[in-house]
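Per the numbering used here, numbering through the sequence shown is continuous, rising by one, with the last residue being 362.
Think of the CB as a built atom: it goes at the ideal place given N, C-alpha and C, for glycine as much as any other residue.
Encoded as structure tokens, the structure appears first; notes follow it.
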Amino acid sequence: MCAVTAIEHHTNQVLNVSVVQKNEVDNVSGRMELAGVKKCIEAIESHVRIDDVTIDKHPQVCSHLRQAGYEYHFDPWHVLKGIKKQVRAEMKQLQNEDDKNQLKELGKRFVVHVYTAVEKAEDDPSLCKEYVYSLFNHVRGQHEWEPSNFLDLIPINANTKVGQQFKKEAFAKVLKCPHFENSAEFESNHQPIDPSSNAYQKILEIASKTPFLNDLGRLKHGNFTSVVESFHSVVIHYRPKRKYYSPKGFERRTMLAAMSWNENRLAEIRGERTVVQVYEFYSKAKGEKTVKYKKGPVSEKWKRKIVEDAGREPKVLDFPYPWKKMMMGLLMCLLISLTSS
22 MCAVTAIEHH TNQVLNVSVV QKNEVDNVSG RMELAGVKKC IEAIESHVRI DDVTIDKHPQ
82 VCSHLRQAGY EYHFDPWHVL KGIKKQVRAE MKQLQNEDDK NQLKELGKRF VVHVYTAVEK
142 AEDDPSLCKE YVYSLFNHVR GQHEWEPSNF LDLIPINANT KVGQQFKKEA FAKVLKCPHF
202 ENSAEFESNH QPIDPSSNAY QKILEIASKT PFLNDLGRLK HGNFTSVVES FHSVVIHYRP
262 KRKYYSPKGF ERRTMLAAMS WNENRLAEIR GERTVVQVYE FYSKAKGEKT VKYKKGPVSE
322 KWKRKIVEDA GREPKVLDFP YPWKKMMMGL LMCLLISLTS S
């Protein structure tokens, strides 16, 4: 079985959870996510209009949304994950340790720069592209330039392969580094990089590929699917993967997780749940230390309230959208959860 979750961007509330069984898609597991997305969209649009959707780069889902006329964007993390993977692969090909370190450092700078470029572009795809590729001027010490094609301004070695789409792009709106307006206050911690170096040319070759250029037009600041991943960490508590559940049990436990998630988001909005500790930890993905925020205890009162109300009020199961499908089995799951806690 597969569960697809739809979370509202501004409130981080779960709007819908759609469960798909393998026999619904002719026992082809690769079709399950698309079927779940279709179910979610149908359920949500029966109540509200969808403005745009943020997804990972699932080809079938992208194709469906495009054909159905929906505006969709990518979480920058999913796009940059591929860039990081390519940088690590290129590092393995280098023998010189200095070249490896320079490539690693420039790769990190490029990833951070893309996030900044997406934010500054404010949903303008052409502006985003120019901001992204302005890094290749900045890192070699050039902070202002005239309107030019990328090929005329960015040094490219003879053996560096760049995409066909990259050859057509030009700087038209971004004609100086974003920091240039406050250049008197700007102090860089990095020395200019030789544009003929392995690091510069390898990052340029990776970043100039046509698929990446096309993806830049789909990146949108603030739309992150990491919230969905956080919700999945809550789902594990209610629906552990090591156990088998019937279709109804699978669905009801997923609904319980959504109710728990939504209640804790509301508690944060009300100011009842706040950050109580900030601590450092080593991130294997980033290869460096980063910080985590520990929040206060989760709210569990909603569980007891549902059980108590169910005993007094026969029609308590008439929940608002999207929880109308809940039945007594849901209360049984709650009782089990309360007993175990």
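Residues near residue i by beta carbon distance below 7 angstroms, same chain, minus five either side
{"i": "Gly162", "result": "Pro213"}
{"i": "Ala138", "result": "Cys149, Tyr152, Val153"}
{"i": "Glu29", "result": "Leu36"}
{"i": "Leu172", "result": "Lys188"}
{"i": "Gln42", "result": "Met22, Pro268"}
Close beta carbons around residue i, own chain, < 8 angstroms, minus the five adjacent residues each side
{"i": "Pro168", "result": "Ala191, Phe192, Ala193, Leu196"}
{"i": "Ile71", "result": "Ile62, Ile65, Tyr91"}
{"i": "Asp21", "result": "Residue numbering for the chain in the displayed model covers 22 to 362; residue 21 lies beyond these limits and cannot be assessed."}
{"i": "Cys83", "result": "Ile76, Tyr93"}
From the options, residue whose alpha carbon lies closest to that of residue i
{"i": "Tyr314", "options": "Trp323, Tyr136, Thr295, Ala331", "result": "Thr295"}
{"i": "Val100", "options": "Tyr136, Lys326, Gln298, Tyr265", "result": "Tyr136"}
{"i": "Arg239", "options": "Asp120, Ile177, Val74, Lys121", "result": "Val74"}
{"i": "Ile327", "options": "Ser281, Asp215, His242, Leu174", "result": "Ser281"}
{"i": "Asp120", "options": "Tyr303, Lys322, Val319, Ser218", "result": "Ser218"}
{"i": "Thr32", "options": "Asp215, Ala331, Asn285, Lys105", "result": "Asn285"}
{"i": "Leu86", "options": "Lys105, Gly57, Leu124", "result": "Gly57"}
{"i": "Pro199", "options": "Lys141, His242, Asp215, Trp323", "result": "Lys141"}
{"i": "Phe233", "options": "Gln107, Val40, Val38, Ala27", "result": "Gln107"}
{"i": "Arg109", "options": "Ala220, His134, Val256", "result": "Ala220"}
Counterpart residues of residue i in DSSP-defined beta bridges
{"i": "Gln298", "result": "Lys315"}
{"i": "Cys23", "result": "Val41"}
{"i": "Lys310", "result": "Tyr303"}
{"i": "Ala64", "result": "Looking at the DSSP assignment, Ala64 forms no beta bridge with any residue, so it has no partner."}
{"i": "Lys188", "result": "Lys188 pairs with nothing; no bridge assigned."}
6 angstroms CB neighbourhood of residue i in its chain, flanking five on each side removed
{"i": "Met349", "result": "Caution applies to Met349, whose pLDDT of 46 falls short of 50 and renders its modelled position unreliable; the value that the coordinates give is listed next. So the list is empty, once near-sequence residues are dropped."}
{"i": "Asn3", "result": "The structure shown does not extend to residue 3, since the chain is modelled only from 22 to 362, so the question has no answer here."}
{"i": "Gln114", "result": "none"}
{"i": "Trp344", "result": "Note that Trp344 has pLDDT 46, beneath the 50 cutoff, so the model's placement of it is unreliable and the number below is only indicative. There are no such residues."}
{"i": "Val319", "result": "Asn285"}
{"i": "Pro176", "result": "Pro216"}
Worksheet item: What are the uninterrupted segments assigned as beta strand (DSSP E) that are 3 or more residues long and contained completely in the region 71-131, given in chain order?
Response: You should have 73-76, 92-95.
*When the Cβ atoms of the region 218-233 are set against those of the region 151-162, are three or more pairs found closer than 8 angstroms?*
Judged by Cβ distances under 8 angstroms, the region 218-233 makes contact with the region 151-162, as three or more pairs qualify.
### Query
Quick one: any contact between the region 164-178 and the region 264-273, if contact means 3 or more CB pairs under 8 angstroms?
No: fewer than three Cβ pairs fall under 8 angstroms.
Any chance you could list the alpha helix (DSSP H) runs of at least 4 consecutive residues sitting entirely within the region 229-296, in chain order?
-> DSSP assignment within the region 229-296 yields the following whole alpha helix (DSSP H) runs of 4 residues or more, N-terminal first: 231-237, 247-259, 268-291.
Practice item. Go through the region 129-184 residue by residue and report every complete run of the alpha helix (DSSP H) that reaches 4 residues or more, in order. Key: DSSP runs (the alpha helix (DSSP H)) wholly in the region 129-184: 146-154, 156-159, 171-174.
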